[in-house]
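S.K.: Can you keep this structure in mind? I'll have questions shortly.
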Amino acid sequence: MVLAAAIARGQAARSLKDAYQEFFRIGAALNQAQFEERDPRGNPIIAAQFNTISPENALKWQSLHPRPDGYDFAAADRYVAFGEKHGMFIVGHCLVWHSQTPQWVFQDTEGKPLTREALLDRMHEHIRTVVARYKGRIGGWDVVNEALNDDGSMRQSPWYRIIGEDYILKAFEFAHEADPQAELYYNDYSLENQAKRKGAVDLIRRVKAAGAPITGIGLQGHMKLDQPDARQEAETIEAFAALGIRVNISELDVDILPRTAPRDSADISATAAVNAQSNPYTNGLPEEMQQALAKRYAELFAVFVQHRDVIGHVTFWGVTDGDSWLNNFPTRGRTNYPLLFDREGKPKPAFDTVVSKATSTRTPVR
Ligand code: G3I
């Protein structure tokens with residue numbers, strides 16, 4: 001009955017979390033409307049399909065700790081309560097990042113750059129306050145986010161410039177001190193690219209050798225249709241697993257839109273043409289593109305399933321296509337199709353290939 005009703009409504013009759021139960025958790029990043037149960041389209045999907053969640057923006061420094069003298073935990077509390085209500089593994093994203101962090105964090109009361117000691121104290125206070133508040137409830141934290149440049153060198157963020165490379169070690173120590181049971185991750189994008197991967201592997205070796213209690217890596221997994229390829233993805237997972245840490249795919253999506261050309265003309269009609277070219281599917285995704293996306297997700301999940309022994313969770317960065325940050329990046333206002341559920345909340349062909357990947361692995365073909 002329930003199944004028939006779901007099919008009649010065009011909803012998924014099968015669930016990702018059940019299909020992958022023996023392998024790894026499956027999650028989604030939630031926006032505020034979703035964890036406040038104000039998204040009638042997204043909420044039934046979240047409850048039925050996922051057993052782990054990440055907060056898209058609600059736990060970033062600027063959301064939690066907008067002023068030097070004050071925290072605002074209202075939204076974060078609701079996020080955690082939502083995850084508990086649904087029995088989900090709750091991820092915290094993210095403690096230390098260069099982005100979505102207010103300027104005051106790096107300055108004294110006169111607006112001058114903080115000293116190393118003062119910034120370490122501020123970081124310690126923030127991590128202690130936030131991690132301790134959700135001790136035993138948030139199961140894993142993105143402790144440090146995006147500390148590397150694309151060539152694998154250290155990003156010259158204010159954290160790095162003021163404290164030095166050991167800001168990373170310290171951040172992990174502070175998080176561990178506040179919740180010794182929590183999983184602690186380093187999270188970054190484009191780690192499939194050789195130079196950045198090498199930089200990250202070396203960095204993790206160094207901080208582990210110095211005693212950092214790091215338990216896992218988040219490969220963000222913001223993919224294109226053709227990159228990274230399956231071999232690169234497999235090698236990347238293996239390179240981090242070889243360090244003795246767990247691997248999570250923390251922000252999965254597949255950007256199917258053409259790369260945007262830089263604007264090089266003041267001619268409005270030329271700009272309009274570029275816009276049309278870069279945003280070709282405003283009226284829906286053609287069947288061949290649906291199939292290409294489905295094939296791409298099948299290829300990626302084949303790699304994940306192969307590496308199930310080292311993977312903790314695979315989390316999509318959003319629930320339905322309409323929610324995705326990729327509608328606004330790198331160009332605002334496009335119509336992208338990066339996820340498994342369409343704008344009406346219906347499962348796409350990619351959903352079916354992802355579910356089948358798990359089913360076919362469990363049931364050996366005779
Ligand atoms: O909240 C304001 C709203 O008041 C305002 O009207 C609106 C108009 O622009 O902006 C809203 O803020 C936006 C915010 O998301 C909430 O929707 C910001 O402009 C926008 O920049 C911000 O984008 C977020 C982005 O991180 C910022 O870096 C995306 O939602 C979020 O998906 C994205 O997530 C990051 C991960 O944290 C780290 N890895 C990459 C990933 C994708 O960029």
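For the sequence shown, my numbering assigns the number 366 to the last residue and increments by one with no breaks.
Think of the CB as a built atom: it goes at the ideal place given N, C-alpha and C, for glycine as much as any other residue.
Just reading off the beta strand (DSSP E) that residue 223 is part of, what are its end residues?
M.R.: The sequence position of residue 223 within the sequence shown is 223, counting from 1. First-last of the beta strand (DSSP E) with residue 223: 222-224.
S.K.: Taking 7 Å as the line, does the beta carbon of residue 220 fall inside it for any heavy atom of the ligand G3I?
M.R.: Locating residue 220 in the sequence shown gives position 220, counting from the first residue. Residue 220: yes, Cβ under 7 Å from the ligand G3I.
S.K.: Hey, how far is the Cα of residue 225 from the Cα of residue 53?
M.R.: Along the sequence shown, one-based indexing puts residue 225 at 225. Along the sequence shown, one-based indexing puts residue 53 at 53. Straight-line Cα distance between these residues: approximately 25 Å.
S.K.: Alpha carbon to alpha carbon, what distance is there between residue 112 and residue 56?
M.R.: As a working note, residue 56 is residue 56 in the sequence shown. As a working note, residue 112 is residue 112 in the sequence shown. Cα-Cα distance, rounded: 31 Å.
S.K.: Straight-line CA distance for residue 338 to residue 115?
M.R.: The residue you call residue 338 lines up with position 338 of the sequence shown. The residue you call residue 115 lines up with position 115 of the sequence shown. Using only the alpha carbons, I get a separation of about 42 Å.
S.K.: Let me know the secondary structure DSSP gives residue 79 once reduced to three states.
M.R.: Within the sequence shown, the letter at position 79 stands for residue 79. Looking at residue 79 - three-state DSSP - the assignment turns out to be helix.
S.K.: Between which residues of its own chain and residue 72 is the CB-CB distance below 6 Å, once the five residues before and five after are set aside?
M.R.: Reading the sequence shown from its first residue, position 72 is the one you call residue 72. Once the five neighbours on either side are set aside, residue 72 has no close Cβ partner at all.
S.K.: Name the two residues that bound the continuous beta strand (DSSP E) containing residue 73.
M.R.: Position 73 of the sequence shown holds residue 73. Looking at the DSSP string, residue 73 is not in any beta strand (DSSP E), and its letter there is neither H nor E.
S.K.: Could you confirm whether any beta carbon from chain B is found closer than 8 Å to the beta carbon of residue 291?
M.R.: Looking for chain B here will not work: only one protein chain is present.
S.K.: Relative to the ligand G3I, is the shortest distance from any of its heavy atoms to the C-beta of residue 317 smaller than 7 Å?
M.R.: As a first step, residue 317 is located in the sequence shown; it is residue number 317 there, counting from the start. At least one heavy atom of the ligand G3I is nearer than 7 Å to the Cβ of residue 317, so yes.
S.K.: Measuring alpha carbon to alpha carbon, tell me which of 21, 124 and 137 ends up nearest residue 183.
M.R.: Translated into the one-based positions of the sequence shown, residue 183 becomes position 183. That would be 137, whose Cα lies nearest to the Cα of residue 183.
S.K.: Does the beta-carbon of residue 315 have 16 or more other beta-carbons within 10 angstroms, so that it is buried, or is it exposed?
M.R.: What you label residue 315 is simply residue 315 of the sequence shown in a count that begins at 1. Buried, since its Cβ has 16 or more Cβ neighbours within 10 Å.
S.K.: Spell out a yes or no on whether the region 241-256 and the region 300-314 are touching, meaning 3 or more CB-CB pairs, one atom from each, closer than 8 Å.
M.R.: The region 241-256, when compared against the region 300-314, does touch it at the 8 Å Cβ threshold.
S.K.: Exposed or buried, what is residue 329 when buried is set at 16 or more other beta-carbons lying within 10 Å of its beta-carbon?
M.R.: Here the question's residue 329 lines up with position 329 in the sequence shown. The residue is exposed, with fewer than 16 neighbouring Cβ atoms inside 10 Å.
S.K.: With contact counted as at least three CB pairs below 8 Å, one residue from each stretch, are the region 97-107 and the region 30-50 in contact?
M.R.: No, they do not touch.
S.K.: Within 10 angstroms of its Cβ, does residue 347 collect 16 or more other Cβ (buried), or is it exposed?
M.R.: The sequence position of residue 347 within the sequence shown is 347, counting from 1. The residue in question, residue 347, is buried, as its Cβ has 16 or more Cβ neighbours within 10 Å.
S.K.: Can the beta-carbon of residue 190 be found closer than 8 Å to that of residue 218?
M.R.: In the sequence shown, counting from the first residue as 1, residue 190 sits at position 190. In the sequence shown, counting from the first residue as 1, residue 218 sits at position 218. For residue 190 and residue 218, no; Cβs fall outside 8 Å.
S.K.: Across which residues does DSSP place residue 311 in a beta bridge pair?
M.R.: Within the sequence shown, residue 311 is the residue found at index 311, counting from 1. Residue 311 is bridged to 247.
S.K.: Apply the 10 Å Cβ neighbour rule to residue 1 and answer buried if 16 or more other Cβ atoms are within range, or exposed otherwise.
M.R.: Stepping through the sequence shown from its first residue, residue 1 is reached at position 1. Since pLDDT at residue 1 reaches only 42, below the 50 mark, its modelled position is unreliable, and the value read off the structure follows with that caveat. Classification for residue 1: exposed.
S.K.: On the criterion of 16 or more Cβ atoms from any shown chain inside 10 Å, does residue 367 qualify as buried, or is it exposed?
M.R.: This structure gives no information on residue 367, because the portion of the chain shown stretches from 1 to 366.
S.K.: Do residue 188 and residue 156 come within 8 Å of each other at the CB atom, strictly closer than that value?
M.R.: Working through the sequence shown from its first residue, we reach residue 156 at position 156. Working through the sequence shown from its first residue, we reach residue 188 at position 188. For residue 156 and residue 188, no; Cβs fall outside 8 Å.
S.K.: Going by other Cβ atoms of all chains shown within 10 Å of its Cβ, with 16 needed for buried, is residue 367 buried or exposed?
M.R.: Residue 367 lies beyond the range of the chain shown here (1 to 366); nothing can be said about it.
S.K.: In this structure, how does DSSP classify residue 254 when only helix, strand and coil are distinguished?
M.R.: Taking the first residue of the sequence shown as 1, we reach residue 254 at position 254. Here residue 254 sits in strand by DSSP.
S.K.: With DSSP run on the structure shown, which of helix, strand or coil describes residue 202?
M.R.: As a first step, residue 202 must be located in the sequence shown, where it is residue number 202. Residue 202: helix per DSSP, three-state reduction.
S.K.: CB-CB under 6 Å to residue 198, same chain, minus the five flanking residues each way: which ones, in chain order?
M.R.: Here residue 198 is taken as the residue at index 198 of the sequence shown, counted from 1. The residues are 152.
S.K.: Just to confirm before moving on: does the CB-CB distance between residue 313 and residue 27 stay below 8 Å?
M.R.: Position 313 of the sequence shown, counted from the start, is the residue given in the question as residue 313. Position 27 of the sequence shown, counted from the start, is the residue given in the question as residue 27. In this structure, residue 27 lies closer than 8 Å to residue 313 by Cβ.
S.K.: Can you tell me which of the three DSSP states residue 186 falls into?
M.R.: Looking up residue 186 in the sequence shown gives position 186. Note: residue 186 maps to strand in three-state DSSP.
S.K.: Sort 280, 231, 66 and 124 by Cα distance to residue 192 and report the nearest one.
M.R.: Numbered from 1 along the sequence shown, position 192 holds the residue referred to as residue 192. Considering only alpha carbons, the answer is 231.
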